[in-house]
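See below for the structure under consideration.
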Amino acid sequence: MLQTATTLIAQFGVFFIGAFVAITTQSIEASVIILFVQLMNSVMNPLIEIPTLISKRNSCKPLFKKLGEIIKVEDNSKKEEVDFEKNITINNLEFSYEENRVLSGVNFTFEKGKTYAVVGASGSGKTTLLNLLVGRNLDYVGEILYDGKDLKNLSIDSLFEKISFVEQNVFVFDDTIENNVTMYSNVDKDLLQDAIIKSGLKSLIDEKGLDYKCGENGCNLSGGEKQRISIARSLIKKSEILFMDEATSALDTETSSSVMNSVLDIDGLSKIVITHKLEEKILKRFDEILVLKNGKVYENGTFEELIEKNGLFRSLYELA
0 MLQTATTLIA QFGVFFIGAF VAITTQSIEA SVIILFVQLM NSVMNPLIEI
50 PTLISKRNSC KPLFKKLGEI IKVEDNSKKE EVDFEKNITI NNLEFSYEEN
100 RVLSGVNFTF EKGKTYAVVG ASGSGKTTLL NLLVGRNLDY VGEILYDGKD
150 LKNLSIDSLF EKISFVEQNV FVFDDTIENN VTMYSNVDKD LLQDAIIKSG
200 LKSLIDEKGL DYKCGENGCN LSGGEKQRIS IARSLIKKSE ILFMDEATSA
250 LDTETSSSVM NSVLDIDGLS KIVITHKLEE KILKRFDEIL VLKNGKVYEN
300 GTFEELIEKN GLFRSLYELA
């Protein structure tokens with residue numbers, strides 16, 4: 000507001016002074032006055048933008064800092080290799096976004112080879128918990144231990160070899176379905192076919208073929224089809240641990256159940272799955288269900304045990 004007022008005062012000042020001189024002395028023509036006003040616009044307009052640009056630059060500094068932390072090259076030479084023969088243990092885990100406490104005093108152990116469902120209301124900390132388990136943010140308090148080794152001391156490259164993470168928002172590049180699934184690696188045809196069937200991609204492949212172009216960021220696919228591509232990628236990778244964050248949220252109930260049953264049928268694969276679809280038949284297949292509330296493990300147990308407790312899980316289940 001002050002900048003605009005200053006500009007107007009300067010412009011009108013030049014105009015009225017020039018007009019006064021032109022009228023009283025007749026030494027300046029009207030066209031010259033107009034030219035001066037126009038030249039002032041060329042000078043004043045960029046000056047007006049300077050405070051706005053400085054403000055935008057200052058507001059972007061935290062983002063630049065965060066991006067720098069994300070893309071910085073990690074020195075893995077002194078990091079330990081990830082072992083996963085027994086379990087992932089969480090001890091007194093706490094995490095905050097600035098002043099917002101998201102997780103508080105979380106304690107739990109995920110055993111190798113077992114399947115876990117993570118449920119809870121929106122904002123309970125489910126996605127944050129998975130992001131911490133896969134090493135996306137190490138600014139937490141407490142411990143995350145892979146077979147007793149602190150995650151902060153482990154090689155992230157080594158960790159990524161052990162895990163797959165299937166999320167709601169899937170990146171799909173402008174290429175064929177096959178290349179999006181295989182990520183340009185040489186994949187055995189039987190393995191590829193098995194991943195296509197278990198991920199629920201078979202109907203899409205039968206209709207459009209493996210050579211079908213997905214379009215930029217998967218614009219030629221539905222949200223559910225992109226999620227199935229992501230699931231197929233993880234199955235091809237043959238990871239030891241599969242993390243899924245609402246990975247079937249864009250699928251219809253029948254397809255979602257089919258995909259989840261296929262994933263749960265995979266022997267020897269440890270699975271930690273965030274889900275909002277509280278289907279009894281699916282939930283009964285998990286070895287244990289974690290119920291989060293306000294960033295804490297409010298209760299846990301099998302489907303039958305949690306229903307019998309008549310607590311938060313039962314309320315969520317009956318409202319679903």
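For the sequence shown, position 21 (counting from the first letter as 1) is numbered 20 according to numbering that gives the first Met the number 0, and the numbering increases by one without interruption.
Where is the CB? At the ideal position from N, CA and C, for every residue including glycine.
For M243, the enclosing beta strand (DSSP E) stretches over residues 240–244. Of the candidates L102, I196, S54, the residue whose Cα lies closest to the Cα of L291 is L102. Comparing alpha carbon positions, the residue from Y96, Q167, Y115 closest to R284 is Y115.
A contact is defined here as three or more CB-CB pairs under 8 Å, and the segment 153–160 fails this definition with respect to the segment 298–305. Counting of Cβ neighbours within 10 angstroms places I240 among the buried residues, the total reaching 16 or more. Non-local C-beta neighbours of S238 in its own chain, meaning closer than 7 Å and more than five positions away in sequence, comprise K161, I162, S163, ordered along the chain.
In chain order, K111, D146 place their CB closer than 7 Å to the CB of E84, counting only its own chain and leaving out the 5 sequence neighbours on each side. Residue pairing of A231 in beta bridges, as defined by DSSP: absent, with no partner found.
Judged by their CB atoms, F242 and V118 are not nearer to each other than the 8 Å cut-off.
In this structure, DSSP gives Y211 a state outside helix and strand, which the three-state scheme calls coil.
Closest in alpha carbon position to S257, among N309, I230, G199, L305, is G199. Judged by their CB atoms, L315 and L277 are nearer to each other than the 8 Å cut-off. Leaving aside the five residues that flank S233 on each side, the residues in its chain whose CB is nearer than 7 Å to its CB run, in chain order, S163, V165, L241. Of all alpha-carbon atoms in L158, G222, R227, the one lying nearest the alpha-carbon of T181 is that of R227.
In the three-state DSSP reduction, Y316 falls in the helix class (H, G or I). Going by DSSP, I265 is part of no alpha helix (DSSP H) at all; its letter is neither H nor E. Fully contained in the segment 101–139 are the following beta strand (DSSP E) runs of length 3 or more, in chain order: 114–119. Burial of F94 is indicated by the presence of at least 16 other C-beta atoms within 10 angstroms of its C-beta.
Nearest in C-alpha terms to A246, of all of V272, T252, I235, is V272. By the 16-neighbour rule on beta-carbons within 10 angstroms, L282 is buried. Per DSSP, the beta bridge partners of I271 are Y115, F242. Note on geometry: alpha-carbon atoms of C218 and I195 lie some 20 Å from one another. Excluding its 5 nearest sequence neighbours in each direction, F107 has C-beta neighbours in its own chain below 7 Å: I89, L289, V296, listed in chain order. Apart from sequence neighbours up to five positions away, the residues of its chain that approach G222 with a beta-carbon distance below 6 Å are A249, ordered along the chain. Shown here for D174: same chain residues with a beta carbon closer than 8 Å to its own, the five before and five after excluded, namely K212, C213 in chain order.
Taking K280 as the centre and dropping the five residues before and after it, the same chain places the C-beta of S256 closer than 8 Å to its C-beta, in chain order. Within the segment 147–233, the runs of beta strand (DSSP E) at least 3 residues long that lie entirely inside it are, in chain order, 162–165.
In this structure, the straight-line span from the alpha carbon of G104 to that of L268 is close to 27 Å. D210 is classed as exposed because its beta carbon has fewer than 16 other beta carbons within 10 Å across all chains shown.
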